[in-house]
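Some notes on the structure that comes next.
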């Protein structure tokens, strides 16, 4: 089963209906629901979705949305030393630095899936948009 670290900004797009990325995220979540893909996300990023959801709905609906999403993703703890290093980055690069650090520490990650691949400057791990990942996945299962 493929394992992917998903940018929580894609989950935010899904939960807030931000088109067109919400559809891509929905396809990834569907694969996780079917148990053919394991989606991992930062525990900090996951919890960070709560204020965004609260701004767009009631506190109860926001919490329920996260409760419904939680079974589809595996939360990855962020070690304090990693968080300290990320906080040394410029604010604009903190999200990318956190995701890249998490991806590099995880074993068996096929890709880091994000809508913002240009934020990541590395060849150590595959950085793909949802469309790129889904296209590669579909090609692999049809070979």
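Numbering (the working numbering), first residue to last: 425 to 567. All residues carry an ideal CB built from backbone N, CA and C; glycine is no exception.
{"Query": "Burial state of residue 561 (16 or more Cβ within 10 Å)", "Result": "buried"}
{"Query": "Nearest to residue 502 (by Cα), restricted to the options 496, 495 and 510", "Result": "510"}
{"Query": "Cross-strand partners of residue 535 (DSSP beta bridge)", "Result": "428"}
{"Query": "Segment contact, 8 Å Cβ cut-off, at least three pairs: the segment 520-535 with the segment 486-498", "Result": "no"}
{"Query": "Boundaries (first-last residue) of the beta strand (DSSP E) holding residue 497", "Result": "497-500"}
{"Query": "Identity of the residue in 517, 482, 460 and 538 nearest residue 446 by Cα", "Result": "538"}
{"Query": "Of the residues 517, 426, 436 and 508, the one placed nearest residue 471, counting alpha carbons only", "Result": "436"}
{"Query": "Distance between beta carbons of residue 523 and residue 582, contact taken as under 8 Å", "Result": "Lying before the first or after the last residue shown, residue 582 is absent from the chain, which here runs from 425 to 567."}
{"Query": "Strand pairing of residue 552, partner residues [DSSP]", "Result": "537"}
{"Query": "Residue 431 burial status per 10 Å Cβ neighbour count (16 or more: buried)", "Result": "buried"}
{"Query": "Whole-Å CB distance - residue 449 paired with residue 541, under 8 Å assumed", "Result": "Contact doesn't hold; Cβ gap of about 15 Å is too wide."}
{"Query": "Through-space distance from residue 467 to residue 487, alpha-carbon basis", "Result": "15 Å"}
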